[in-house]
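Participant:
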Amino acid sequence: MSQKDFKYPRTEKLKSKKLIEELFANGRSITNFPIKLFYYKTALPKNVKFQATVAVSKRNIKSAVERNRVKRLMREGYRLNKHQVFNNSEGSFAFLFLYLGKKMPNFKETEHAMKKILVKFLDAEGRIKG
RNA sequence: UGAGCAGGCUACCUUAUCGCUCCAACUAAUCUUGGGGAGGAAAGUCCGGACACCAUAGUGCAGCAUAGCGGGUAACUCCCGUCAUUUCAUUUUAAAUGGAAUAGGACAAGUGCAACAGAAAGAAUGUACAGGUUAAGCUGUAGUGAAACCAGGUAAACUCUAUGUGGUGCAACGUCAUGUAAAUCGGUGUUUGAGGGUUGCACGCCCAAACCGAAGGGUAGGCGGUUAGAUUUUGUCAGUAAUGACAAAACCAGAUAAAUGAUAAGGGAGCUCCUUGGAGCUUUACAGAAUCCGGCUUAUUGGCCUGCUUAUUUU
RNA sequence: GGGUUAUUAGCUCAGUUGGUUUAGAGCGCUGCCUUGACAGGGCAAAGGUCACUGGUUCGAAUCCAGUAUAACCCA
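Put into structure tokens, the structure is as follows:
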């Protein structure tokens, strides 16, 4: 992995239904409003270090257009800041970012929340020195 | 020029950086290069098709849907024209013109229904007054009511007539991989045809023994179906119109825990402040493809165009 | 994506097909009686745009059409 890789290809998306069910059953979670992160340490296919996906509840945001937008903003926030986690942690993880708010955010708020939650994740799981 | 009504069109643009997805080319490669990437409603799932599978699918009855007339269409509960009825506006004696709505076949086949009021709501004719007669609800008016000289009203009551109608839906269906039971499927096939299955009934059809062969449950994986089509654009001709015919050109989303995004700058547009000019803010409404088409219905902001009506100004 | 139901008082349901004269039942709520007081019991009262909008009809919770909300099924 390079120092700053902003790509978010298909192999880094969490797609397996089994893995997602395991994540909800056995994974841990960190909350930094309005985002909640579920994570689960497990082996992933194709030697990928992380797989991540996003989810928005239909109860909190009813419009399909707004739900799509929130998911895109969160994906963008993860894409631009994931290098922090990639370069500083060990093992492979499955991520699921759940949006808890009921209002439309803008990009700055989303990115700020995403940065904070990734820092919290590193604090919880142990940062590599350097 | 302003206002109202009706109909139609459109859905901010350009550049840079970072990223997603499909196709093609080149590759050892997930790299690189080039090209494409949400809507008028993609929505509701209310209709109609295309396409696919299933005799538990066939036949008859029942059931269900539609309903002036003519045309359009692959088809329609759609669209166009037209007649009738109802209603609104204008001029106004009648009536005419324009707009809107209509589930507008049949109560002269049969059955049912009609609270209260009323003499009476059906093979009924009472009361008062007037007329009239040999006599008689024989005639008119009054009163009740939505409806009462009448072979009455009501079919968005049963019903009748005409026409149409099998069911399930791309999570259909096909195929590959993984691969294990007395459960499942296919083929051969015999007795009783009991029992069971089908939207209801009847007929019909199918299922159950045994043998041979195959892989089923579970898991939620890949590929095909899956995007070139009743396609789009332009022109000519036919038709009052819906629409059709012909010619030329074009290829225009294909994701699957589900792509079409983020940031910055400039231009355009709108609003507010205000002295030409500038500054600030916003860049919007409704809303996101999931097999594909034709309609209908619902949601909705700003701009532009056309027609009609009306007011004002000028000639 | 496709298919199928429901909505009536604060809650759970009748009534709807078969139309009018009164939209009811149980639980709950409120008041009164009974008791020294509570529970229980008895009596009474309140509470409904019948999800919303339109149509048919003399008359619609009911018939018809559209809209909204909620729920269920499939692989």
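Position one of the first sequence corresponds to residue 628 (this note's numbering), numbered consecutively onward.
Every residue, glycine too, gets a C-beta built ideally from N, C-alpha and C.
1. Would you tell me roughly how many angstroms separate the C-alpha atoms of R702 and A670, rounded to the nearest one?
2. Which word fits K645, buried or exposed, when buried means at least 16 other C-beta atoms lie within 10 angstroms of its C-beta?
3. Do I657 and L650 count as a contact pair if the criterion is CB distance below 8 Å?
4. Spatial neighbours of T737 within its chain, please: CB distance less than 7 Å, with the 5 preceding and 5 following residues excluded, ordered by chain position.
5. For F720, which residues of its own chain have a beta-carbon under 7 Å away from its beta-carbon, when the five flanking residues on both sides are left out?
6. For F748, report the span of its beta strand (DSSP E) as first-last.
7. Quick check on DSSP: helix, strand or coil for L727?
Facilitator: Considering the structure as presented:
1. Here the C-alpha atom of R702 lies approximately 22 Å from the C-alpha atom of A670.
2. Burial call: exposed.
3. The answer is no: Cβ separation not under 8 Å.
4. For T737, the CB contacts under 7 Å within the same chain, skipping 5 residues up- and downstream, are L700, M701, G704 in chain order.
5. The beta carbon of F720 is closer than 7 Å to those of Y666, Y667, K668, F677 in its chain, skipping five residues each way along the sequence.
6. Looking at the DSSP string, F748 is not in any beta strand (DSSP E); the run it does join, the alpha helix (DSSP H), is 734-752.
7. Coil, per DSSP.
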